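*Asks:* Provided herewith is a single structure, encoded as structure tokens, for subsequent inquiry.
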Amino acid sequence: MSDAPQKLRAFVTPLLPSTRAVRLTGMTREREYVLLQRQTTAPAACCPRCAVPSSAVHSRYRRCLTDLPWGACPVRLQLTVRKFVCRNPNGTRRLFTARVPELVALYGRKPHRLVTGLQAIGLALGGQAGSRLPRR
């Protein structure tokens with residue numbers, strides 16, 4: 026029974042956005058959706074203002090994202106990201122958050138693959154039909 030989480034992870038991983046920057050840490054089935062807990066894996070990050078790398082973790086926080094549904098079941102991603110201390114003494118920013126640009130845009134609430142899918146629906150169907158289809 027101890028290999029059950031590994032088997033589940035092997036089954037679920039192909040259904041997730043492909044990126045090596047985050048790993049799956051947990052999965053729960055809520056009443057209305059599947060919740061996938063993921064966290065960043067990089068031991069360090071570069072400050073977005075001065076580009077100085079830092080491995081000094083200040084804190085962590087969770088971002089909640091809506092992902093592509095699995096059939097009729099909605100999927101939510103709970104992404105745990107780290108805040109780092111900027112090591113540049115002359116920098117204007119003291120703290121910064123590790124970014125995952127291959128998964129989600131800055132301040133984004135939807136992964137790139139969901140945005141791309143919604144754009145494709147909008148372009149193909151347009152208007153009222155395009156707005157009704159994603160709600161299903």
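Under my numbering, the first residue of the sequence shown is numbered 26, with each subsequent residue one higher. Cβ coordinates follow ideal geometry from the N, Cα and C atoms, glycine included. A quick note: this is a predicted structure, and the numbers were derived from the prediction, not measured.
The alpha helix (DSSP H) with R138 in it runs from where to where?
*Replies:* Here residue 138 refers to the residue found at position 113 when the sequence shown is read from its first residue. R138 -> alpha helix (DSSP H) spans H137 to L150.
*Asks:* Would the region 85–97 and the region 68–77 be scored as touching if the rule is three or more Cβ pairs under 8 Å?
*Replies:* no
*Asks:* Who does S80 pair with in a DSSP beta bridge?
*Replies:* Along the sequence shown, read from residue 1 onward, the residue named residue 80 stands at position 55. BP columns for S80 are empty, so no partner.
*Asks:* Indicate whether the contact test is met: 3 or more Cβ pairs, each with one atom in the region 132–151 and one in the region 107–118, closer than 8 Å.
*Replies:* No: fewer than three Cβ pairs fall under 8 Å.
*Asks:* Determine the direct distance from the alpha carbon of V110 to that of A81, and round the result to whole angstroms.
*Replies:* Position 56 of the sequence shown holds residue 81. Position 85 of the sequence shown holds residue 110. Taking the straight line from one Cα to the other gives about 6 Å.
*Asks:* With a 10 Å radius around its C-beta and 16 neighbouring C-beta atoms as the bar for buried, classify L61 as buried or exposed.
*Replies:* To locate residue 61, count along the sequence shown from 1; it is residue 36. Result: buried.
*Asks:* Give the range of the beta strand (DSSP E) segment to which C75 is assigned.
*Replies:* Working through the sequence shown from its first residue, we reach residue 75 at position 50. Where C75 is concerned, there is no enclosing beta strand (DSSP E), given that its DSSP letter is neither H nor E.
*Asks:* Whole angstroms are fine: how far does the CA of P68 sit from the CA of E127?
*Replies:* Position 102 of the sequence shown, counted from the start, is the residue given in the question as residue 127. Position 43 of the sequence shown, counted from the start, is the residue given in the question as residue 68. Computed Cα separation, rounded: 17 Å.
*Asks:* Measure the C-alpha to C-alpha separation of T53 and R101 and round it to an integer number of angstroms.
*Replies:* Residue numbering aside, residue 53 sits at position 28 when the sequence shown is read from its first letter. Residue numbering aside, residue 101 sits at position 76 when the sequence shown is read from its first letter. If I take the Cα positions, the gap works out to 10 Å.
*Asks:* Who pairs with G51 in a beta bridge, going by DSSP?
*Replies:* Taking the sequence shown and counting its residues from 1, one reaches residue 51 at position 26. Within the DSSP bridge table, the entry for G51 names Q62 as partners.
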